[in-house]
Every structure is written in structure tokens, then in C-alpha cells.
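Below: the structure, in C-alpha cells.
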Amino acid sequence: MEGNHHGNIVQARAIHGDVHFHHVPTADVPHQVPLAPVRFVNRSAELAAGGGALGAGEGRGSRITVLTGLPGAGKSALARRLVELNRGAYPGGELYVDFGAVAVADHQEAVGDALGSCLLALGVSSQLVPASLADRAGLFRSKTAASPVLVVLDDVAEPGQVPAFRPQAPGSAVLVTSNAQLTELRLDGADVVEVGPLDEAAGTHMLRELCGARAAGGEPDLAALVRECGGLPVALRVAAARLVGRRSLTVRALVEEIADTRRGAGAFRVNGEDKVSAVFAVAYRKLPGDAARLYRLLGASPVADFTVELAAAVLDIDEGGCADLVDVVVEAGLLQEVTGGRHRFHGLVRRHAASEAAADPAELAAGVRRAVGFLLVSAAFGDLAILGPGRYRCTPHDQVLTGREDPFSGDKAAALEWMDVERPNLAAGVRTALEQGWYDQAWQLAESATALYANRRYLVDWTETSELGSRAARLAGNAEAEARLRSFASRAWIDLGDTARARAELDEAFPLLAGTEDTRLVASVHEMDGRHHEAVGDHARALAAFQRSLDLFTSMDDLRGAASLTYFIGCARFALGDLADAQATLGRAAELLREVPDSKMEGRALITIGRVHEALGDDDQAGAAFGRAVDVLVAGDDLFHESWAREAAANLAERRGDVEAARLHVTRMVEIQVRLGGGRVGRAHGPVGRPGLTRRPSRSRRAPVSAVCSPSARHPVSSRWWTTEPITDTAAVDVARTSRPPRTTTTAPPATAAAAMRAPGYAASADEAKATAWASSAGSSR
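Residue numbers (the UniProt record's numbering): 1 to 782.
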């Protein structure tokens with residue numbers, strides 16, 4: 001095959017033989033936008049304007065449409081209706097980001113956080129989500145380059161939150177809702193649709209649609225009700241629910257009731273005007289006592305949305321009775337049902353509920369404390385299910401969990417799913433506990449939440465909650481907990497590329513260890529210290545720190561800790577060019593890790609052993625080590641690290657002229673990348689049809705040692721096989737038997753690993769140069 005094949009996987013030159021495509025399942029097309037209200041009425045002009053703007057981008061680059069207006073004007077409902085009407089135009093799916101529910105305070109950090117969630121929705125494995133905002137934005141563009149995608153950004157606060165979400169495919173669109181004008185977007189060519197309050201005619205029509213016969217006749221009274229509601233749909237829906245729920249209530253009587261309430265209402269204002277507080281107050285006062293209590297306490301709680309289970313905990317009642325109360329508040333129009341059995345208050349309704357709850361500070365504080373307690377207990381059980389009982393923790397589970405029922409029954413997948421959904425609430429819980437002075441709950445929740453952050457790579461949440469938790473631990477007088485949170489957070493800072501901040505966290509952690517008798521904590525902090533030194537390329541200091549940590553783990557007979565640290569020591573010796581000691585140390589590490597057992601780390605150790613053999617010129621032993629690594633990782637169902645082993649084996653096989661073996665490993669690599677949603681295998685070059693970057697001019701075929709061993713390297717082997725171009729097809733490549741053997745190159749192995757790194761003509765890849773940490777690497781159990 002000569003020239004270019006313009007499919008989505010292969011652009012090959014000089015491939016001798018046939019190319020076959022095999023279907024590989026990929027992630028479902030995302031449809032994340034919540035449904036519009038069943039009875040969506042009016043807004044014909046806005047629908048026409050918004051629909052026209054969305055359609056205008058067809059065949060061109062992605063366009064931005066902004067729906068702007070007062071809170072409660074119905075912007076979110078309008079956006080969802082526009083999605084329903086235009087869904088067929090976006091075969092790449094619809095993504096949804098609710099910035100109002102994002103727990104991160106900094107707007108740019110919120111963007112990076114939301115981009116990570118979008119990448120997961122697009123099928124990217126959490127292990128392949130980049131750390132930096134720039135890299136996430138780049139991968140997002142790659143993943144949205146194949147077919148038109150619609151992105152809905154709800155409750156945007158500033159223009160800078162929008163550009164990173166522009167899909168790459170022509171015909172794509174971004175639909176934004178905001179209370180602000182976002183003038184910069186308008187100046188940059190965005191289409192702006194003003195969503196104002198409904199006029200009397202439109203509001204009356206809405207009431208008739210919602211109330212049916214209950215709104216028959218009485219045109220002046222309906223118009224008066226629209227005026228009392230400020231023309232805001234959120235208030236009109238509450239008023240309609242009141243009319244439908246109380247058959248004897250007339251429209252005129254409701255108008256008078258709202259007017260009387262408004263005259264006595266407190267200062268509840270929107271843009272300087274009291275718009276809707278009286279409408280909510282009337283509905284609230286008609287709630288039964290327990291339902292009114294639910295309204296107050298959940299409206300004033302720190303959670304963005306909630307399940308019946310959480311609501312029952314806040315009210316301290318059984319779930320069955322709580323479900324009935326939730327239904328009552330929903331029927332009153334004060335509470336919205338969202339997906340997955342969750343409920344949410346509109347922002348204006350929440351403000352009213354909080355104002356009512358403030359009248360009884362003791363009741364409010366007790367409810368908020370129960371909310372935080374529920375989150376802590378659930379997160380602690382989730383931490384146990386995800387990372388197991390062997391993980392080092394400062395949180396006293398014997399106190400926190402005694403007498404409590406495990407909601408996950410030890411199921412890791414269920415725990416991760418719950419923590420993922422509750423993620424905004426976990427961060428809000430830490431913040432609230434600190435603000436309220438519940439310092440122990442604050443740091444314990446922060447520590448428990450790291451089980452989610454380390455597995456899903458929510459690095460910003462990790463650093464923010466760890467900082468809050470560290471402050472709480474200091475205020476609680478718990479130096480050990482503060483040392484744990486700060487040292488463990490250094491991993492997230494390294495992954496974010498801020499090694500200076502990581503160093504600062506460790507420098508704060510070490511003095512906190514003075515006087516501690518917790519040997520395991522000291523060992524853990526030294527391990528994190530070694531990882532930092534390794535990340536900045538100081539392998540001698542890394543070796544010393546790892547050795548101190550190993551000595552401590554060994555003194556406690558901690559097999560898992562000793563096994564992992566033995567591996568890190570072997571890596572450091574390899575990086576320093578001490579190949580004989582590295583080989584012996586890594587062999588011992590593999591044995592210990594098999595005994596633990598820890599298949600992921602054992603596989604990594606075997607890969608590194610293979611690289612040491614390569615550096616020593618023993619390709620037979622290298623191939624055997626890579627083969628054992630593949631077997632171990634396949635048995636452990638570890639796709640991510642299997643791709644590492646496959647790449648190492650493919651590089652070796654290609655260099656030795658074993659086309660069939662290289663072909664086998666390359667094919668599997670592509671399948672794994674497609675399955676994990678990565679954008680790292682996109683083109684095939686050369687005689688093996690290998691996916692990867694254009695061949696680099698280099699006399700060495702071996703990956704640099706630092707990219708192999710470092711636990712802070714995201715992709716530890718040669719990037720010759722990788723590309724940042726997207727995999728947008730559901731095919732994997734298998735190059736059939738060649739009709740003639742390829743031309744091979746024989747390269748004498750460098751005498752040392754360091755020489756391999758300095759081989760003339762070697763061009764380090766961006767991944768190798770950055771060597772940024774990845775949060776799900778070894779050691780998260782300690």
C-alpha cells in the first residue's frame with residue numbers, strides 16, 4: 001500500500017501487504033443535557049432566534065449562542081428546548097456543563113475541571129485525561145473533530161469560561177446561558193438572545209397551559225398574577241402549582257394573598273427589585289409542617305442537589321417518609337426533579353428557603369451538620385471500597401463508621417459512581433465544615449474524598465479540598481492529619497505541573513512529623529518527597545528519600561509499602577545508570593509485588609526490568625520480561641498499563657526485525673487506545689504499519705530511562721508510537737503478513753541507561769520532557 005488512506009486511523013506509506021480493520025466498541029454518544037419541562041410554552045421568538053443561530057454554523061466552524069437575562073426568566077429551560085429541537089444536527093452528541101453547580105471558586109480552574117468531565121463523557125479513560133487546562137482543551141478539540149457536537153454551558157459567570165469548549169468539527173455549536181451580558185463574546189461574534197420576563201399576554205398563556213380549566217376566564221386576574229410574579233417563569237410555575245393543588249383557591253384570591261405577603265416580605269431582591277419572594281412565601285406557608293422543614297433545611301444546606309437518602313439524613317427521618325415529603329414540595333412547584341432520582345432548588349427558590357431557615361439558627365445548624373455527617377460517613381465507606389483497608393489513613397474509621405451501614409457493601413464501582421455524582425457536594429461539605437468550625441469533620445471528609453480524586457484525576461478538587469482540610473486539621477490541633485493531607489496533595493500539584501507548590505507542601509509537612517509515633521505516616525511523607533525529587537530529575541535525592549521510606553516500611557513489616565518502595569528504588573538506580581543494582585532491585589520488587597499481590601505494580605516492574613535488559617544489550621531477556629508484563633497485566637485486566645507493555649514489546653520487536661510480533665502488539669495498542677478513548681494512536685508509518693509519530697531521526701531505538709521508571713511519568717515508554725491526533729473511527733489496525741521483509745536498522749546498545757538518554761539525534765517528546773505525575777499511579781493505597 002502506497003500513499004495515504006484517508007480513514008480515521010491509518011495514513012501509511014510504504015506498507016507492504018494488506019491492511020485490515022476490525023470493529024472495536026467505543027463509548028456511547030453523549031446526550032447529557034437534561035430534558036426541557038414537559039409543558040414548555042411561549043418563547044416562540046427566542047426559539048426562532050436561538051434555533052437560527054444554532055443552524056447558522058452548519059458547514060463552518062463552531063458558533064456560540066448566548067441566552068442572557070434575569071435569574072428565573074427561563075434561560076435553562078429554553079436552552080434545553082433548543083437542544084431537543086436541534087438534536088439531529090449534532091451526531092457527535094450533546095455535552096452539558098452546569099457552572100452553577102461547580103464547586104471550584106476560580107473560574108479558570110472550573111473550566112479545567114469541567115473539561116475533564118466532558119472528556120470522560122466523550123469516552124476518554126480517566127487515566128488518559130491530561131492534567132493541565134491547555135492539554136485538556138487540546139484533547140477536547142481532538143475528540144470533537146470528527147462530527148458536530150453541541151455543548152451547553154449553563155449559568156456561565158464570565159466570558160473566559162466559554163472558548164475552551166468550542167468543538168473542532170464544522171457545524172458544532174456552543175449554547176450558553178448567563179445572567180450576565182458577556183459582552184466580550186458578543187464582540188467576538190457570538191449570537192445573543194435576550195430572554196426577558198414574559199409580558200402579560202405570554203404569561204397568561206403560560207398560566208392557562210399549566211393550569212388548564214383552573215385558569216379559565218378572569219383575564220384581568222391572570223394578568224395581575226403575571227405582574228405579581230414579575231413575569232418570571234420560575235414564579236409563574238409556583239403560582240400555577242398553588243392553583244392546581246388547591247381547587248377552592250381563585251386566581252383573584254391568590255393575587256391578593258401574594259400582594260398582602262409582599263407588603264410584609266423582607267428584603268429579597270433581584271437586581272434591586274423585589275420580584276418573586278412573595279410568590280415563594282405564599283407557596284411555602286401552605287406546606288405541611290414537615291414538608292416546610294424539608295424546604296428550609298435542604299434549601300439552606302450546602303449541597304447543590306440531593307437524593308431522598310441525603311434529605312432523610314438532613315431531616316433525621318426514615319427514607320420512606322422523606323420521599324413523601326419530597327413529593328409534596330415538588331407538587332408545590334418549589335423543588336425540581338433532575339436526572340438520576342435527584343432534586344434541586346432553583347437559585348431564587350434556594351435564596352428564599354435560606355432566608356426562612358435563618359429564622360431558627362439552631363435548627364439550621366443541626367440540619368447542615370447532619371448533611372456534612374452524611375457526606376463524611378458515605379465518603380469514608382467509599383474510600384474503603386475503592387482503596388481497601390490497607391490504605392494509610394488518619395481518619396479514625398473505628399469512630400466515624402462504627403454502627404453505620406456500608407451503602408456500597410464494599411463494591412468499588414458503586415462507590416466510585418456515588419462519589420462521582422456527589423463530587424460537588426463533597427467539596428462543598430469540606431468548605432462548610434471548615435466555615436462552621438467542625439474541623440475534624442472537615443479534614444476527615446477532605447482525606448476520604450482523595451479516594452475519588454486520585455482515581456478520577458480531579459486534581460483541582462484534590463488540591464483545593466486538601467488545602468481546606470489542612471487548615472482544618474491545624475485548627476483542630478492534629479499535626480499528623482495536616483502532614484498527611486499536605487504531603488499527599490503534593491502528587492496532585494506535581495501532576496498539575498506546579499512542582500514548586502508541591503515542594504512547599506512537603507516542606508510544611510516535614511516539621512509536622514516532629515514527635516509523631518506514626519511510623520507509617522513518616523514513611524509515606526518520605527515516599528512523597530522521593531516522588532517530588534524524581535519529578536524534578538534529582539534521582540540521587542529521590543533514591544535517598546525512597547531508601548528512608550523503605551527502611552521504615554520494612555521496620556513495620558509492611559509488605560505492600562516495602563514492595564512499592566523497592567520498585568521506586570530500582571527505578572532511581574536505573575535512572576542513575578547503575579544497571580546491575582537496578583536489575584537486582586527490580587527483580588526483588590517484582591517478587592514482592594507478586595506476593596502482595598499487586599498486578600499493576602508487578603507489571604510496571606517487569607516493563608522496567610525489560611528496559612534494563614535492553615540497556616545492557618540483552619534483547620532476549622528484555623523480550624521475555626515484556627512478555628511476562630503483558631501476561632500479568634492482561635490477567636489483572638489493566639488495559640492502561642498493558643498498553644505500556646505492548647509498546648515496549650513492539651519497539652523491541654521492530655528493532656529486531658520481528659514484523660509479526662510488532663504487528664500483534666501494535667494492533668492491540670490501537671484497540672486499547674480506542675477503548676480508553678485516547679487520542680494517542682492515530683497514524684501508521686513505516687514497514688510495520690505502526691501507529692505513531694513520524695519516525696524521529698535517532699541512532700537509538702530505546703526510550704529514555706526517565707520516561708520508563710518515573711512514577712510521575714504519564715506515558716513511560718517511547719512516544720514514537722504516539723500521536724496527539726484523534727482516534728475517531730471504531731477500527732483497529734492489523735497489518736497482514738508482508739510480501740517482502742522490511743528494511744531494518746541495527747543499533748548497538750548504549751553502554752548505560754544514561755547513554756541511551758544522550759544518544760545522538762534523540763529528540764525527546766513533549767510527554768517525556770514534561771514527565772508530569774498521574775494521580776492513579778502506585779502508592780494511592782498508602
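Positions of the beta carbon are idealized from the N, C-alpha and C atoms, including for glycine.
Item                                                                                                                                  : Value
Contacts around valine 328, its chain only, beta-carbon distance under 6 Å, and the 5 residues preceding and following it disregarded : Ala291
DSSP three-state assignment for histidine 343, whether helix, strand or coil                                                          : strand
Counterpart residues of histidine 31 in DSSP-defined beta bridges                                                                     : Glu94
Beta-carbon proximity check, residue 800 vs threonine 432, cutoff 8 Å                                                                 : The shown model of the chain, from 1 to 782, leaves out residue 800, and the question about it has no answer.
Three-state secondary structure (DSSP) of leucine 334                                                                                 : coil
Chain B contact for valine 193 (CB, 8 Å cutoff)                                                                                       : No chain B is present in this structure, which holds just one protein chain.
Contact check, valine 400 vs glutamine 444, beta carbons under 8 Å                                                                    : yes
Serine 178 - partner residues in DSSP beta bridges                                                                                    : Thr68
Those residues which DSSP pairs with alanine 173 across a bridge                                                                      : Arg63 and Leu150
Beta carbon of glycine 61 nearer than 8 Å to that of proline 170                                                                      : yes
Span separating the alpha-carbon of leucine 325 from that of alanine 359                                                              : 21 Å
DSSP beta-bridge partners of valine 193                                                                                               : Leu67
Separation of leucine 639 from glycine 677, as counted between CA atoms                                                               : 12 Å
Per DSSP, the bridge partner or partners of aspartate 488                                                                             : Reading off the sequence shown, one finds phenylalanine at residue 488, where the question assumed aspartate. In DSSP, phenylalanine 488 forms no bridge with anything.
Sheet register partners of phenylalanine 306 (DSSP bridge)                                                                            : His343
CB contact flag (glutamate 642, valine 659, <8 Å)                                                                                     : no
Proline 389 versus serine 409 - alpha carbon distance                                                                                 : 13 Å
Proximal residues to valine 522 (C-beta, below 8 Å), its chain only, five neighbours per side dropped                                 : Leu513, Thr516 and Leu552
Where threonine 516 sits in the DSSP three-state scheme                                                                               : coil
Cβ neighbours of leucine 249 in the same chain (closer than 8 Å, five flanking residues each side left out)                           : Arg242 and Leu243
Own chain, CB closer than 7 Å to arginine 342, minus 5 neighbours either side, in chain order                                         : Asp305, Phe306 and Thr307
Alpha-carbon to alpha-carbon, alanine 489 and threonine 463                                                                           : 6 Å
Straight-line gap, glycine 477 to alanine 283 (C-alpha atoms, nearest Å)                                                              : 46 Å
Distance CB(glycine 112)-CB(arginine 136) smaller than 8 Å                                                                            : yes
Buried or exposed (CB count within 10 angstroms, at least 16 for buried), glutamate 595                                               : exposed
Which listed residue (Arg344, Gly347 and Ala300) has its alpha carbon closest to that of alanine 357                                  : Ala300
Cβ neighbour criterion (16 or more within 10 Å) applied to methionine 556                                                             : exposed
Arginine 237 burial status per 10 Å Cβ neighbour count (16 or more: buried)                                                           : buried
Alanine 766, DSSP secondary structure in three states                                                                                 : Because alanine 766 sits at a pLDDT of 35, beneath the cut-off of 50, its placement in the model cannot be relied upon, and the following sentence gives the value as read from the coordinates. Residue state, collapsed to three classes: helix.
Same chain, Cβ closer than 6 Å to arginine 474, five either side skipped, listed in chain order                                       : Glu482
Where methionine 556 sits in the DSSP three-state scheme                                                                              : coil
Status (buried if at least 16 other CB within 10 Å, exposed otherwise) for glycine 69                                                 : buried
Pairwise C-alpha distance: proline 302 and alanine 428                                                                                : 6 Å
Option in Leu139, Val192 and Asp106 with minimal Cα separation from glycine 160                                                       : Asp106
Tyrosine 458 - containing alpha helix (DSSP H), residue span                                                                          : Note, tyrosine 458: premise wrong, no alpha helix (DSSP H); not H, not E.
Cβ separation of alanine 371 and valine 314, assumed to be a contact under 8 Å, to the nearest whole Å                                : 5 Å
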